[in-house]
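Chains as they are written, first to last, in this note's numbering: chain A, 1 to 329; chain B, 1001 to 1495.
Glycine included, each C-beta is placed from N, C-alpha and C at the ideal position.
Remember, predicted model here, so these are calculated numbers, not experimental data.
Comments concern the structure below.
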Amino acid sequence: MKVLRSTLVWPLVALVVLLVFNAVASPGFFHVEWKDGRLFGTVVDIFNQGARVPMLLALGMTLVIATGGVDLSVGSIMAVSGAVAAMQVNAGAPMVQAVGAGLGLATLLGLVNGVLIARVGLQPIIATLVMMVAGRGLAMLLTGSQMVPFANRSLTWLANGSVGGLPVPVVLVLGLAVVTGWVLRRTAAGLFIEATGDNEKASRLAGIQTGGVRLAVYGFSGFCAGLSGVLEAANISAADPARIGDTRELDAIFAVVAGGTALTGGRFSLAGSVVGALLLQTLTLTLYNQNVAPAVAPVPKAVVILAVCLLHSPRLRARFGKRTQPVAA
Amino acid sequence: MSELLHAEGIVKRFGSFTALKGVTFRLRAGEIHALMGENGAGKSTLIKVLTGVHEADGGTVTVAGRGIRAASPREAEAAGISTVYQEVNLLPNLSVAENILMGRQPMRGPFIRHGEVRRRARAALARLGLEVDVGALLGTFPVAVQQMTAIARALDQEARVLILDEPTSSLDARESEELFAVMRRLRDEGMGIVFVSHFLDQIYAVSDRITVLRDGSLVGTWEAAGLPRLELVSHMIGKEVTAGGGDGGVVSGGGAEAFRVEGLERKGTVGPLTFSVMAGEATGLAGLLGSGRTETARMLFGIDAATGGRVVAGGETVDLGSPRAAMAAGLAFCSEDRKVEGIIPSLSVRENIVLAMQASRGVLRRVPRAEQEALAAKFIAALNIRTRGPETPIGTLSGGNQQKCLLARWMAMQPRLLILDEPTRGIDVGAKAEIEALCGELRRAGMSILFISAELEEVVRNCSRVVVLRDRRQAAVLDGPAISLRTIMETVAAS
């Protein structure tokens, strides 16, 4: 419980502060109503939009960062998978096949990242930077740089439908997060990922196939990005190769870091990343509600993220720690 | 002969640890002076004090009678002390000439006089008898030339004291000879040269005098010609050759042969080696620093691939292609570098202990949490690991307790051969005794141990068979009654 508390507490505190601010500043913020068999309201929107991109990307990114790497290519992989799914349904393929093709190609691109890093030995930041550029180019190539609109109700349902009153993306992504967390702790995968990120050399000498671990996490990150790209396209019934996922890799990294997983690798917290993603989305929406111009919004966003990261910093905590230690002990 | 450099009573502390306890070192003009000592003797610290990398906590340094207080490498260079490190610390993407003149380029106003730079570089290299294109990038030349460039840099700044820190470790025999020729020439020109090397042959080939340090103190300075090798070795490891005599090692348990190493070698690193490892016995690997002990262990565990020979168990060749393969064959390896190759610092004691076992079972067959906790509890009690609990991060434990956790990691695997590389280094006396006792228990339980230690008494105390390495080759295999400090030292010192 102690470990859980120490990593989760600061993003949660920040989230609560933001929510309280909203409750005061914009009445009706917490207003949720039941209409046409589903929930509507600002809070539902936060969950929905948060799940669709930052949370999903952060799931994969958490594991990548836990191995001491980073994946800059997720935004571009989103564009590729969104484009592939859109083109597939336009070619008459059923929804499942279209989504499968998008996810398959996205996972493959993630695995290419993994091979470049684990087998060829490129720096993660370089390998995924290459994929970031190449992936965006590939999406443009596939679509002829044109927006691909489509009319497929089952694909659109993935982003705009509801299950048991909740938006489909929320159910899908929270479900994926729970399953991922469960698998990582039920198998030894979580341990191997943390060991690889904390001390790769020692892990290899203890018999862990650190190359395989890295390959797998980049593959998984590609998969998550692929799903996110499909949901983004489904949301507006069109795949825009130039804009889907643009700079969203940064949102994912922010969510992971704010959630308490260190960029140096090792211990990770999926729950922290989920909260981090919600924090980011709440912040975006809050600024929108307060009529902050979208072009200026990154500034207050950066301030809040910096504050959360500072609260995670061991040095700063050591200072707090001196005063609070008697209480904690 | 005049005294060129005189370091008197040098003290250097790092926190509570005293690396140099009042060391005195004198270097004459026109001599090659070997600085010798085992790991932790204080050689590197002394060199770093002389060259201004570390500031001494006590003592004085005078160069040619003038007191200096070198607080930075630049000041030491200005006082005439130059150093060539083992890993050449020059800039590979600059030209040879730029490297030689770096920081002292002749200028005309704000501009570097490139013609003058090249002329001076050529002149310095000519004194070493070397002619290369000084405009070419340094990185395109072999290490030997890079080293000559570093020496040329020292010549250009009119260094009077040249310190060569293990200059021959990446040179082949012919290149080393060329370096020695240059060293002799510089000596005859009146330079004082401090030479650090782990190869006794090389020490005796070029040195005029030898100074030995041990545990941060001066043991003595001798004329090389008047110091027999055996005596030098005994000064280095701090054991009287005559004292003690042979206590014959540990009596053989009479176990069957577990592994046979047949001509195993890695070209340019170590070998060939041929010896047997018996079940229920500890086999020692002895030799001076740099003799190839760790390299042998790394080869056996599949970290560095062997280029020749094989290891046989039960009549079949063992696959040593990777650490995983070696683990599958029943080997386990506790590295000497606990921090870099052993612990996973932010993971808990329990996770660190379970790690190798889990890795060998694979990702899907997770060791159940209850079993992990039982295992951790068992080893924490059995090895007397002092930790707040099994969930404490291992990085917060003391060195000795970290070492015990790593031993537990490998004991949990129940290997047939446990390779222990310096298992007692850097841990306190009590923990040392505990680890030795543990080795005894494992032996009696039928495990084979390959025991590597720089402390020869430890080897003698624990082993029934000792493979002695000298200059990265197998010098002898001693067993039973032949094992003693004296026989090991004689084998190490033989030429």
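- Proline 1106 of chain B is outside the set of residues whose beta carbon lies under 9 Å from a beta carbon in chain A.
- Every unbroken stretch of the alpha helix (DSSP H) spanning 4 or more residues and falling wholly within the stretch 1228 to 1305 of chain B is given here in chain order: 1229 to 1237 and 1293 to 1300.
- Chain-ordered, the chain B residues with CB closer than 8 Å to the CB of alanine 195 of chain A read Ile1344, Leu1347, Glu1351 and Leu1355.
- With a cut-off of 8 Å on Cβ pairs, the stretch 48 to 65 of chain A is in contact with the stretch 258 to 270 of chain A, counting three or more such pairs.
- Under DSSP, the beta-bridge partners assigned to aspartate 1479 of chain B are B:Arg1465.
- In the structure shown, valine 32 of chain A falls within a strand segment according to DSSP collapsed to helix, strand and coil.
- The Cβ-Cβ distance between threonine 1269 of chain B and glycine 1292 of chain B falls below 9 Å.
- Minimum Cα-Cα distance from histidine 1235 of chain B among the listed residues B:His1054, B:Leu1035 and B:Leu1420 corresponds to B:Leu1035.
- Around the CB of arginine 214 of chain A, 16 or more other CB atoms lie within 10 Å, so the residue is classed as buried.
- Using a Cβ-Cβ cut-off of 9 Å, leucine 205 of chain A counts as an interface residue toward chain B, since at least one Cβ of chain B sits closer than that to its own.
- When the Cα atoms are used, glutamate 1341 of chain B and asparagine 199 of chain A turn out to be separated by approximately 8 Å.
- Boundaries around aspartate 198 of chain A are those of the alpha helix (DSSP H), 189 to 198, since no beta strand (DSSP E) includes it.
- Taking C-beta atoms as the reference points, asparagine 1462 of chain B and glutamate 1436 of chain B count as a pair closer than 9 Å.
- Excluding the 5 residues flanking it on each side, methionine 95 of chain A has same chain C-beta neighbours closer than 7 Å at Val89, Asn152, Ser154 and Leu155, in chain order.
- The Cβ atoms of valine 1233 of chain B and leucine 1288 of chain B lie closer than 9 Å to each other.
- Contacts with chain B at 9 Å (Cβ-Cβ) do not include glycine 181 of chain A.
- Taking C-beta separations shorter than 8 Å and ignoring five residues to either side along the sequence, the partners of isoleucine 193 of chain A in its chain run Leu63, Ala66, Thr67, Leu184, Val213, Val217 and Phe268, following chain order.
- Beyond the five residues adjoining it in sequence on each side, valine 304 of chain A comes within less than 6 Å, by CB distance, of Leu283 in the same chain, given in chain order.
- The beta carbon of glutamine 209 of chain A falls within 9 Å of a beta carbon belonging to chain B, placing the residue at that interface.
- Threonine 1060 of chain B carries a strand assignment under DSSP once its states are collapsed to helix, strand and coil.
- C-alpha of valine 44 of chain A to C-alpha of valine 32 of chain A: approximately 8 Å in a straight line.
- Contact note: phenylalanine 192 of chain A reaches chain B through Val1363, using a C-beta cutoff of 7 Å and chain order.
- Between arginine 1386 of chain B and glutamine 1372 of chain B, the alpha-carbon positions lie close to 18 Å from each other.
- Shown here, arginine 38 of chain A sits in a strand according to DSSP, grouped into three states.
- When 7 Å is used as the limit between beta carbons, alanine 1305 of chain B is near no residue of chain A, the shortest such separation being about 14 Å.
- The beta carbon of alanine 1328 of chain B is closer than 8 Å to those of Asp1319 and Ser1360 in its chain, skipping five residues each way along the sequence.
- The way I'd put it, the stretch 1321 to 1339 of chain B doesn't touch the stretch 171 to 181 of chain A; fewer than three beta-carbon pairs between them come closer than 8 Å.
- Under DSSP, aspartate 1421 of chain B takes part in a beta bridge, and its partners are B:Ile1452.
- Just so you know, the alpha carbons of methionine 1278 of chain B and leucine 1397 of chain B end up roughly 34 Å apart.
- The alpha-carbon separation between valine 24 of chain A and phenylalanine 223 of chain A amounts to approximately 39 Å.
- Taking a C-beta cut-off of 9 Å against chain B, none of the residues of the stretch 64 to 78 of chain A qualify.
- Judged by DSSP secondary structure, phenylalanine 1180 of chain B falls within the alpha helix (DSSP H) whose first and last residues are 1173 to 1188.
- Across the set B:Gln1105, B:Phe1141, B:Thr1051 and B:Thr1083, the C-alpha of B:Gln1105 shows the shortest separation from the C-alpha of glutamate 1116 of chain B.
- Under the Cβ criterion of 9 Å, threonine 156 of chain A is not counted among the residues facing chain B.
- With fewer than 16 other Cβ atoms from the protein chains shown falling within 10 Å of its own Cβ, leucine 141 of chain A counts as exposed.
- If you compare the alpha carbons of A:Asp71, A:Pro27 and A:Asn48 with that of alanine 252 of chain A, the shortest gap goes to A:Asp71.
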